[in-house]
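Okay, structure first, notes after.
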Amino acid sequence: MGKTFTRPVALSEKDTHYCPGCTHGIVHRLVAEVIDELGIRGKTIGVAPVGCAVLAYNYFSFDFMEAAHGRAPAVATGIKRVRPDLMVFTYQGDGDLASIGTAEIIHAANRGEKITTIFINNAVYGMTGGQMAPTTMPGQKTTTTPFGRDVEQTGMPMKMAELLSALMTPAYITRQTVISPKYVIKAKKAIKKAFEYQCEGRCFSLVEVISTCPTNWGMTPVEALSWAETTLLPYYPLGEFKTPDSQGGNDAA
Amino acid sequence: MGKVLMKGNEAIAEAAIRAGCLNYFAYPITPQSEVAEYMARKLPEKGGVFLQGESEIAVGYMVFGAAGCGERVMTTSSGPGISLMSEALSFIACAQLPAVFVNIMRTGPGLGGILPSQADYFQATKGGGHGDYRLIVLAPSSVQEAVEMVMMAFPLSEKYRNPVMILGDGLIGQMMEPVEFPENLIVKPTRKNKWAANGMDTRKSKKRNIVKSLILDPETMNTHNLLLKEKYDQIRKKEVRFETYNMTKPYKVLIVSYGTMARVCKTAVDLLKEEGIEVGLLRPKTLFPFPEKKIREAAAKAHCKMVLSIEMSMGQMVEDVERSVQGKCPVRWYGKCGGEIPPPKELMEMIKGLKL
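Taken in order, these protein sequences are the chains called A and B. Positions 1133 to 1385 (our numbering) are the ones given, in order, by the first sequence. Positions 154 to 509 (our numbering) are the ones given, in order, by the second sequence.
Written out as structure tokens, the structure reads:
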């Protein structure tokens, strides 16, 4: 019997530093599978963020750049503008993309940069040790909201997919999750679509992925999956918010 | 092509294009916006890339991305914008990417004003951004020299894989002068950068390239900083450039001045000469590396009683002059930094009033 499940070529053989129960590994794999399937490994440049995925370049097996906190879309813009033949994607967390990098992601999307962004939203800063992110849920305890996020002081969690889909420039904007196999299959399809749009030179594409952070949530991996389902998904609905054929605005079903 | 009359900012843009830089990212800021406007008109017809970024922060990283895949790239700004780009400059220097940054200085600190200044000397030569890094800093004193320095800056940045900064001032940017674009300064860009992250398909080896500045291991970080230091030491040894003026005479006063200010000093030196007063002028063309040795030797002459650092700042370069002179001669600072350039007469009176 032959092998039925193998490591994607686009994924390196290095062990990751991610915590048990973290969903980064799943998303890395999905991106690698898509790159293999599209046969674009030799002309792809990934841009790593600052955050838990700062070492993402170790886990893929193609060219990479590593940006400053929040600046990955600007780095990707620089690459794509001078080398439109290359496939360029950013891989960013919610502290990176939704806080310090809001200007860069909004303007890259609004310029219609032909890049792909994989946006990991786990409602917390991971690498710096579990501080509040713009995506942290009301009442959620983090190391900088020890009494729970007070929305009177810090506002409501930011819905980046919805925010970006309000821009008038054509784009593909979707929110997915990987907290159970049925969602993983859908997330893979979305990531593939996002890369295909780039291959066709059609539009900016962003796949937000609702993810888990058992370590900083103070939960077991199983508890984290369940908390994501019951707390995050009702606030962060899944679906396609924008496709290049829609005329701007939010067309999520 | 013969001489043409051009505004400094436009000449800088044209020089970059002629030097084979067809990638330009920028954000508008006075007094250098004409560079961006010129590029916006000219680059599309050359098949180049012009992009106005959303901020100088983003522009700095667009330069990072373009340079990281091995393409020749430039940006231009002024002090407040360079402050925002300084984060990227630190990353670019650590990742050892070649790129050219132009600072057409205006007065500061803060929002300051839009008139000429030299108050970004520290920012350009001592860092600006975080960490142990250096820029190669070229300081033009005419539009012609700005053109030549821009053209030289690309091969220089590529030779050392280090960002080069052209440190001009608002006068260089705004003034019109006749310029020539020397053909002999054109060094064509190469796409054969072994280090560039431009897709594994471009390399026979199929090895992947990573452009990054994250180095968590203490030993590796220290080794990397030593490697950078070795490079900066090489630059100190090989790339010092300066001009001397009236220094063969037994000067009692030696002026050290750069850029627009040095040009005014030159006139003052001529006028003082007419009155029988010999003053030497040493004009650094490179601010990093700084002509330390030459200044030390010039200050050590028995006839030299004082070294004057004349700058359009509140005394920044003077620290490097003092460091160079090493106590061999008294060092004083003179300058103005509101946007007005001290005229030759003012300098003459000041020099005549010195107690030597």
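The C-beta atom is built at its ideal place from N, Cα and C for all residues, glycine as well.
*F334 of chain B, buried or exposed, once every other Cβ within 10 Å from all chains shown has been counted against 16*: Here residue 334 of chain B is taken as the residue at index 181 of the second sequence, counted from 1. Around the beta carbon of F334 of chain B, 16 or more other beta carbons sit within 10 angstroms, so the residue counts as buried.
*Would you mind giving the Cβ-Cβ distance between I289 of chain B and V317 of chain B, rounded to the nearest angstrom? I have them listed as a contact below 8 Å.*
The residue you call residue 289 of chain B lines up with position 136 of the second sequence. The residue you call residue 317 of chain B lines up with position 164 of the second sequence. Sure, about 4 Å apart at Cβ, within 8 Å.
*Test: C222 of chain B CB closer than 8 Å to a CB of chain A*: If you number the second sequence from 1, residue 222 of chain B lands on position 69. Chain A, which has a Cβ nearer than 8 Å to the Cβ of C222 of chain B, makes this yes.
*Output, in sequence order along the chain, the residues in the region 188-222 of chain B whose CB is closer than 8 Å to any CB in chain A.*
Within the region 188-222 of chain B, the residues whose Cβ lies closer than 8 Å to some Cβ of chain A are V202, L204, G206, E207, S208, I210, A211, V212, G213, Y214, M215, V216, F217, G218, A219, A220, G221 and C222, listed in chain order.
*Apply the 10 Å Cβ neighbour rule to K357 of chain B and answer buried if 16 or more other Cβ atoms are within range, or exposed otherwise.*
One-based indexing of the second sequence puts residue 357 of chain B at position 204. Residue burial is scored here from C-beta neighbours: K357 of chain B has fewer than 16 other C-beta atoms within 10 angstroms and is therefore classed as exposed.
*Is N1254 of chain A helix, strand or coil when you go by DSSP?*
Position 122 of the first sequence holds residue 1254 of chain A. Looking at N1254 of chain A - three-state DSSP - the assignment turns out to be coil, as it is neither helix nor strand.
*Buried versus exposed, by CB contacts within 10 Å (16 or more), T343 of chain B*: Here residue 343 of chain B refers to the residue found at position 190 when the second sequence is read from its first residue. Classification for T343 of chain B: exposed.
*asked:* Just to make sure I have the definition right: I need the residues of chain A whose C-beta is within less than 9 Å of the C-beta of S239 of chain B. Which are they?
replied: The count along the second sequence starts at 1 and reaches residue 239 of chain B at position 86. For S239 of chain B, no chain A residue has a C-beta closer than 9 Å to its own C-beta; the minimum C-beta separation is roughly 11 Å.
*L291 of chain B beta carbon less than 8 Å from that of I245 of chain B*: Here residue 245 of chain B is taken as the residue at index 92 of the second sequence, counted from 1. Here residue 291 of chain B is taken as the residue at index 138 of the second sequence, counted from 1. Result no, Cβ atoms of I245 of chain B and L291 of chain B do not sit closer than 8 Å.
*Is the number of C-beta pairs between the region 189-206 of chain B and the region 256-273 of chain B that are closer than 8 Å three or more?*
The region 189-206 of chain B makes no contact with the region 256-273 of chain B: fewer than 3 CB pairs, one atom from each, lie closer than 8 Å.
*Decide if F1279 of chain A is buried, meaning its Cβ has at least 16 other Cβ atoms within 10 Å, or exposed.*
Stepping through the first sequence from its first residue, residue 1279 of chain A is reached at position 147. Classified as exposed, F1279 of chain A has fewer than 16 neighbouring CB atoms from the shown chains inside 10 Å of its CB.
*Of all the residues that make up the region 155-180 of chain B, which are near chain A by a beta-carbon distance shorter than 9 Å?*
Correct list: L175, N176 and F178.
*Would you decide whether K1320 of chain A is buried or exposed? Buried here means 16 or more other CB atoms lie within 10 Å of its CB.*
In the first sequence, the residue the question calls residue 1320 of chain A occupies position 188. Taking all protein chains in view, the Cβ of K1320 of chain A is crowded by 16 or more other Cβ atoms within 10 Å, so the residue is classified as buried.
*Considering only residues of the same chain and omitting the five flanking positions on each side of M329 of chain B, which have a CB-CB separation below 7 Å?*
As a working mapping, residue 329 of chain B is identified with position 176 in the second sequence. Excluding sequence neighbours, M329 of chain B sits near L158, M159 and K160.
*asked:* Between D386 of chain B and chain A, is the shortest Cβ-Cβ distance under 8 Å, so that the two count as touching?
replied: Numbered from 1 along the second sequence, position 233 holds the residue referred to as residue 386 of chain B. Judged by the 8 Å Cβ criterion, D386 of chain B is not in contact with chain A.
*Grab the span of the alpha helix (DSSP H) containing A1241 of chain A for me, first residue to last.*
As a working mapping, residue 1241 of chain A is identified with position 109 in the first sequence. Here the alpha helix (DSSP H) through A1241 of chain A covers T1234 to R1243.
*Along the region 241-275 of chain B, what residues have a CB closer than 9 Å to any CB found in chain A?*
Along the region 241-275 of chain B, the positions whose C-beta sits under 9 Å from a C-beta of chain A are A241, S243, F244 and A248, read in chain order.
*Apart from the five residues just before and just after A1142 of chain A, which ones in its own chain have a Cβ nearer than 7 Å to its Cβ?*
Within the first sequence, the letter at position 10 stands for residue 1142 of chain A. Listed in chain order, the non-local C-beta contacts of A1142 of chain A below 7 Å within the same chain comprise A1164, I1167, D1168, R1173, F1192, S1193 and F1194, local neighbours out to five positions each way being set aside.
*Give, in chain order, every unbroken run of the beta strand (DSSP E) that is at least 3 residues long and sits entirely within the region 1146-1213 of chain A.*
Listed in chain order, they are 1176-1180 and 1196-1198.
*Leaving out five residues before and five after Q185 of chain B in sequence, what residues of the same chain have Cβ atoms less than 6 Å from its Cβ?*
Taking the first residue of the second sequence as position 1, residue 185 of chain B is located at position 32. The residues are N162, T229, S231, I257 and G326.
*List the residues of chain B that K1325 of chain A touches, going by C-beta distances under 8 Å, in chain order.*
Position 193 of the first sequence holds residue 1325 of chain A. For K1325 of chain A, no chain B residue has a C-beta closer than 8 Å to its own C-beta; the minimum C-beta separation is roughly 22 Å.
*Please compile the residues from chain B whose C-beta is within a distance smaller than 7 Å of the C-beta of Y1189 of chain A.*
Translated into positions along the first sequence, residue 1189 of chain A becomes position 57. Contacts between Y1189 of chain A and chain B, judged by CB atoms closer than 7 Å, involve I363 and K365 in chain order.
*Looking at the C-beta of M503 of chain B, does it have a partner C-beta in chain A at a distance below 8 Å?*
Taking the second sequence and counting its residues from 1, one reaches residue 503 of chain B at position 350. In terms of beta-carbon proximity, M503 of chain B stays away from the interface with chain A, with every pair separated by 8 Å or more.
*Determine the direct distance from the alpha carbon of S462 of chain B to that of D1217 of chain A, and round the result to whole angstroms.*
Locating residue 1217 of chain A in the first sequence gives position 85, where the first residue counts as 1. Locating residue 462 of chain B in the second sequence gives position 309, where the first residue counts as 1. Those two C-alpha atoms are separated by around 51 Å.
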